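Colleague:
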Amino acid sequence: METLSSSFLATPFPHHSSDLGYVSSSFRFSAKSPNHQPNYFNPNSSFTLIFSPINKLISHTAQTLKNKQPVAHKIINKNQSSSLASIFKTLDDLVCSFLDLPLRPSIDPKHVLSGNFAPVDELPPTPCEVVEGSLPSCLDGAYIRNGPNPRFIPSGPYHLFDGDGMLHMIRISRGEATFCSRYVKTYKYMVEQEIGYPIFPSVFSSFNGFGASIARSFLTLSKMLTAQFDPIRHGFGVANTSLALFAGHLFALCESDIPYAIKVTADGDIITMGRHGFQRSSREWFFRMTAHPKIDQETGEAFAYRCHPLWPFLTFFRFDSEGRKYKDVPIYSANGPTLTHDFAVTKSYAIFPDVQIVMNLLWILREDHQSELIPIRCHDSELSRDMQRTTAKCGGLMLRDSTCCTASMLGKKMGAIQL
17 METLSSSFLA TPFPHHSSDL GYVSSSFRFS AKSPNHQPNY FNPNSSFTLI
67 FSPINKLISH TAQTLKNKQP VAHKIINKNQ SSSLASIFKT LDDLVCSFLD
117 LPLRPSIDPK HVLSGNFAPV DELPPTPCEV VEGSLPSCLD GAYIRNGPNP
167 RFIPSGPYHL FDGDGMLHMI RISRGEATFC SRYVKTYKYM VEQEIGYPIF
217 PSVFSSFNGF GASIARSFLT LSKMLTAQFD PIRHGFGVAN TSLALFAGHL
267 FALCESDIPY AIKVTADGDI ITMGRHGFQR SSREWFFRMT AHPKIDQETG
317 EAFAYRCHPL WPFLTFFRFD SEGRKYKDVP IYSANGPTLT HDFAVTKSYA
367 IFPDVQIVMN LLWILREDHQ SELIPIRCHD SELSRDMQRT TAKCGGLMLR
417 DSTCCTASML GKKMGAIQL
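Quick note: the sequence shown uses our numbering, first residue 17, plus one each step.
1. Please confirm whether P170 has its beta-carbon closer than 8 angstroms to some beta-carbon of chain B.
2. Once the 5 residues before and after S33 are set aside, which same chain residues still bring their CB inside 8 angstroms of it?
3. With DSSP collapsed to three states, give me the class of F43.
4. Are the Cβ atoms of P140 and N165 separated by less than 8 angstroms?
5. Please classify G131: does DSSP put it in a helix, a strand, or coil?
6. Taking only runs of the beta strand (DSSP E) that begin and end inside the segment 115-166, which ones reach a length of at least 3 residues, in chain order?
7. Indicate the three-state DSSP secondary structure (helix, strand or coil) for N71 in the structure shown.
8. Who are the Cβ neighbours of K201 in its own chain at under 7 angstroms, not counting the five residues just before and after it?
9. When you compare each of W301, E314, F302, A318 to H308 by their alpha carbons, which one comes out closest?
10. Give the straight-line distance between the Cα atoms of L100 and G212, rounded to the nearest whole angstrom.
11. Checking 8 angstroms against the spacing of the C-beta atoms, do A268 and A282 come in under that value?
12. Would you identify the three-state DSSP class for T106, choosing helix, strand or coil?
13. Quick check on A228: buried or exposed, where buried means 16 or more other Cβ atoms within 10 Å of its Cβ?
14. May I have the straight-line CA-CA distance separating Y205 from I286, to the nearest angstrom?
15. Hey, how far is the Cα of F223 from the Cα of I160?
16. Which residues does DSSP list as the beta-bridge partners of V361?
17. Cα-Cα, which of Q372, S272, C144 is closest to Y203?
18. Which class does M206 belong to by DSSP, given the choice of helix, strand or coil?
19. What separation, rounded to the nearest whole angstrom, lies between the Cα atoms of D312 and A277?
20. Determine whether the beta carbon atoms of L290 and D116 lie at a separation below 8 angstroms.
21. Contact between the segment 235-248 and the segment 123-138 is defined here as three or more beta-carbon pairs at a separation below 8 angstroms; is this criterion met?
22. Taking 7 angstroms as the limit between beta carbons, can you name the residues of its chain near T236, skipping five residues before and five after?
23. For L176 and V219, which I take to be in contact (beta-carbon distance under 8 angstroms), what is that distance rounded to the nearest angstrom?
24. Could you tell me which whole beta strand (DSSP E) segments of length 3 or greater appear in the segment 244-330?
25. Apart from the five residues on each side of it in sequence, which residues of its chain come closer than 7 angstroms, Cβ to Cβ, to L107?
26. Are there 16 or more other CB atoms within 10 angstroms of the CB of S221, so buried, or fewer, so exposed?
27. With H, G and I counted as helix, E and B as strand and the rest as coil, what does DSSP make of A193?
28. Less than 8 angstroms between the C-beta atoms of P125 and I169, yes or no?
29. Using the C-alpha atoms, what's the distance from S102 back to K310?
30. Helix, strand or coil for G352 per DSSP?
31. Please state whether the Cβ-Cβ distance between R167 and Y199 is less than 8 angstroms.
32. For H184, list the residues DSSP reports as bridge partners.
33. State the beta-bridge partners of K341 as determined by DSSP.
34. Helix, strand or coil for I230, going by three-state DSSP, please let me know.
35. Within its chain, find whatever has a CB closer than 6 angstroms to the CB of F252; leave out the 5 residues flanking it on each side and keep chain order.
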């Protein structure tokens, strides 16, 4: 099993009493590597603990590996003149210097990337010294963390969500621990690594005033037309939000792209296998999904959705245990583009909060107040609703209102899809 190997899955060892006779309640590790300065973790990210109960989900891993997509992509035209990239960088710097409004703290890199949020370097697999207690030999697995970590510091606006995905992993095997940090080698990361500066736009930080927004939109289109990058074919996600294990693969995910398959090697390193399109109809354009799919532990199915700024604004779909994607189910009564960050799945229902965080690109044209110069904000007049889980055989689903709500929904109504 290449992708789901014992190097990161908890392996069931015989539970001898001698192994578990004493387990210290406190372990402290120190990853020591010459020529590397210690850094802190970013706490605002997702954590995944991989353990033995998921073994039933990977029974067909060998078969799914035969169907995985090629990893390599043509990143950029090698014959392209470097002077063109220099021109775009100069234009980007001019927009930042003369057209951007004063940066709010939420998009000021001097504020957002300070202290504990400062970027850190990659760290190859490094043995950790156990300075207190001991690791039982029956403990075998990995603890992996995903979070934003920009490869290049931008000269203009930067939002915390813009950072490239970096995986931090502690692998424990046979009484020893190894620490490793690696970037998720997304298409965006590879393009910017080759060019040497951040080139991709961001929905969270690029819209900083009317003039800057129009200029960046024009520059983005120009970069695409001159083959600086191709987000239509290869996506533009950063894979910095979460980790999920389903369909025989470990995935790094974000909301703006489809998942990237990740492999943990026997020596404790992390390798990006590539952008994973799953098994689906050749006519279907599958370009992004939620970063928080829900996995049925009994069947191995995964349920997911995506939000879209155009109609239909919310779409529900699922994967079987072998990674086959089923037909999209549009939710027609979603009456606007909302940023639904997460959802819940029970045995009979899928609960979708139709939240008040909404998107409207026309808001960047309004210059009467700085807080409205971004296309995403909270809309107090919207109602929150949710939907019931379904079998995905129907052509579309309708929302229904419910009185169930939480404090985070500001007392608004919710509504649900029956499965």
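From the three backbone atoms N, C-alpha and C, an ideal C-beta is built for every residue, glycine too. Keep in mind the model is a prediction, meaning the values are calculated, not measured.
Modeller: Let's see:
1. No chain B appears in the structure shown, which is made up of a single protein chain.
2. Residue 33 sits at position 17 when you count from the first residue of the sequence shown. Low confidence applies to S33: its pLDDT is 34, below 50, so where it sits in the model is not reliable, and the reading given next is rough at best. If we look at S33 and ignore the five residues flanking it on each side, it has no Cβ neighbours.
3. Within the sequence shown, numbered from 1, the residue matching residue 43 stands at position 27. Note that F43 scores a pLDDT of 45, beneath 50, so its modelled location is shaky; the value from the coordinates is reported in the next line. Here F43 sits in coil by DSSP.
4. The residue given as residue 140 occupies position 124 in the sequence shown. The residue given as residue 165 occupies position 149 in the sequence shown. No; because the gap between Cβ atoms is not below 8 angstroms, this pair is not in contact.
5. Taking the sequence shown and counting its residues from 1, one reaches residue 131 at position 115. Looking at G131 - three-state DSSP - the assignment turns out to be helix.
6. 139-148, 157-164
7. Residue 71 sits at position 55 when you count from the first residue of the sequence shown. Low confidence applies to N71: its pLDDT is 34, below 50, so where it sits in the model is not reliable enough to give any reading.
8. As a first step, residue 201 is located in the sequence shown; it is residue number 185 there, counting from the start. Only T288 meet the Cβ criterion.
9. Counted from its first residue, the sequence shown places residue 308 at position 292. When each option's Cα is compared against that of H308, the closest is A318.
10. Locating residue 100 in the sequence shown gives position 84, counting from the first residue. Locating residue 212 in the sequence shown gives position 196, counting from the first residue. C-alpha separation (whole angstroms): 13 angstroms.
11. Taking the sequence shown and counting its residues from 1, the one referred to as residue 268 is at position 252. Taking the sequence shown and counting its residues from 1, the one referred to as residue 282 is at position 266. For A268 and A282, no; Cβs fall outside 8 angstroms.
12. By 1-based counting over the sequence shown, the position of residue 106 is 90. Three-state result, T106: helix.
13. Indexing the sequence shown from 1 puts residue 228 at position 212. Per the 10 Å Cβ criterion, buried.
14. Here residue 205 refers to the residue found at position 189 of the sequence shown. Here residue 286 refers to the residue found at position 270 of the sequence shown. C-alpha separation (whole angstroms): 16 angstroms.
15. Counting from one through the sequence shown, the residue named residue 223 turns up at place 207. Counting from one through the sequence shown, the residue named residue 160 turns up at place 144. The straight-line gap from Cα to Cα measures roughly 33 angstroms.
16. Stepping through the sequence shown from its first residue, residue 361 is reached at position 345. V361 pairs with A366.
17. If you number the sequence shown from 1, residue 203 lands on position 187. Closest option to Y203, Cα to Cα, is S272.
18. If you number the sequence shown from 1, residue 206 lands on position 190. Here M206 sits in helix by DSSP.
19. Mapped onto the sequence shown, residue 312 falls at position 296. Mapped onto the sequence shown, residue 277 falls at position 261. Distance between the alpha carbons of D312 and A277: 20 angstroms.
20. Counting from one through the sequence shown, the residue named residue 290 turns up at place 274. Counting from one through the sequence shown, the residue named residue 116 turns up at place 100. Looking at the sequence shown, residue 290 is not Leu but Gly. Not in contact: G290 and D116 (Cβ atoms no closer than 8 angstroms).
21. no
22. Taking the sequence shown and counting its residues from 1, the one referred to as residue 236 is at position 220. Here the set comprises P217.
23. Counting from one through the sequence shown, the residue named residue 176 turns up at place 160. Counting from one through the sequence shown, the residue named residue 219 turns up at place 203. About 13 angstroms separates the two Cβ atoms, so there is no contact after all.
24. 258-262, 265-269, 276-280, 286-291, 318-323
25. If you number the sequence shown from 1, residue 107 lands on position 91. Excluding sequence neighbours, L107 sits near L235.
26. Numbered from its first residue, the sequence shown carries residue 221 at position 205. When all chains shown are included, S221 counts as buried.
27. In the sequence shown, the residue the question calls residue 193 occupies position 177. Note: A193 maps to strand in three-state DSSP.
28. Counted from its first residue, the sequence shown places residue 125 at position 109. Counted from its first residue, the sequence shown places residue 169 at position 153. Contact flag set, yes.
29. Within the sequence shown, numbered from 1, the residue matching residue 310 stands at position 294. Within the sequence shown, numbered from 1, the residue matching residue 102 stands at position 86. Taking the straight line from one Cα to the other gives about 44 angstroms.
30. Stepping through the sequence shown from its first residue, residue 352 is reached at position 336. The answer is coil: DSSP assigns G352 none of H, G, I, E or B.
31. Locating residue 167 in the sequence shown gives position 151, counting from the first residue. Locating residue 199 in the sequence shown gives position 183, counting from the first residue. Yes. Within cutoff.
32. Counted from its first residue, the sequence shown places residue 184 at position 168. Its beta-bridge partners are R161, S197.
33. Residue 341 sits at position 325 when you count from the first residue of the sequence shown. Per DSSP, F335.
34. Taking the first residue of the sequence shown as 1, we reach residue 230 at position 214. Helix, per DSSP.
35. As a position in the sequence shown, residue 252 is number 236, starting the count at 1. The residues are K204, F216.
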